[in-house]
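The structure appears below as structure tokens.
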Amino acid sequence: KDIDVVLHLSVKPVNFWLELGAYEGGSAILAAKRVEEARSTILGQAVATSVVAVDTFLGDLRVLWGRDPAERRLLLRPDGTVNLYERFRSNVRRSGRAVAVLPLPATSVVAL
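Put into structure tokens, the structure is as follows:
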């Protein structure tokens, strides 16, 4: 719903969308879809919009330790690092939005 409000109030056409805190990609995928739908409605055709999804892809305490052990095992690689980046990319690919959604592994401060 927030995405729709921002799109409604934004200057048209929307060529660039910056997503801070991408996590597993759900809102970035939805933003890419909504921007594409809005553009096709306004312009009569879909025009490429870049959705840059910024995240460290490292998780936080809630992501790692707020889950039950079975879920936590799915997030952690054998060496103890987190596989959120791979999950993000997999979700984006499955959504069919890989051309529009670009991951940027960085903090929000660095990205801005």
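Numbering (our numbering), first residue to last: 1 to 112. All C-beta atoms, glycine included, are put in the ideal place defined by N, C-alpha and C. For clarity, every value in this text was computed on a predicted model and none was experimentally measured.
Decide if residue i is buried, meaning its Cβ has at least 16 other Cβ atoms within 10 Å, or exposed.
i: residue 69; result: exposed
i: residue 55; result: buried
i: residue 53; result: buried
i: residue 17; result: buried
i: residue 101; result: buried
i: residue 59; result: buried
i: residue 74; result: exposed
i: residue 84; result: buried
Would residue i and residue j qualify as a contact pair, given that the criterion is a beta-carbon distance under 7 angstroms?
i: residue 63; j: residue 31; result: no
i: residue 34; j: residue 3; result: yes
Which residue's Cα is closest to the Cα of residue i: the options?
i: residue 57; options: 81, 73, 66; result: 81
i: residue 8; options: 37, 67, 22; result: 37
i: residue 96; options: 84, 106, 67, 26; result: 26
i: residue 15; options: 49, 78, 6, 76; result: 49
i: residue 86; options: 67, 24, 12; result: 24
Looking only at its chain, what residues have a beta carbon closer than 8 angstroms to the beta carbon of residue i, apart from the 5 residues adjacent to it on each side?
i: residue 22; result: 28, 53, 54, 55, 57, 88, 103
Please work out which residues of its chain come closer than 6 angstroms, Cβ to Cβ, to residue i, disregarding the five sequence neighbours upstream and downstream, and give them in chain order.
i: residue 20; result: 54, 108
i: residue 67; result: none
Shorter than 6 angstroms, the distance from the beta carbon of residue i to the closest heavy atom of the ligand MG, or not?
i: residue 106; result: Only the bare structure without any ligand can be found here, which leaves the ligand MG out of the picture.
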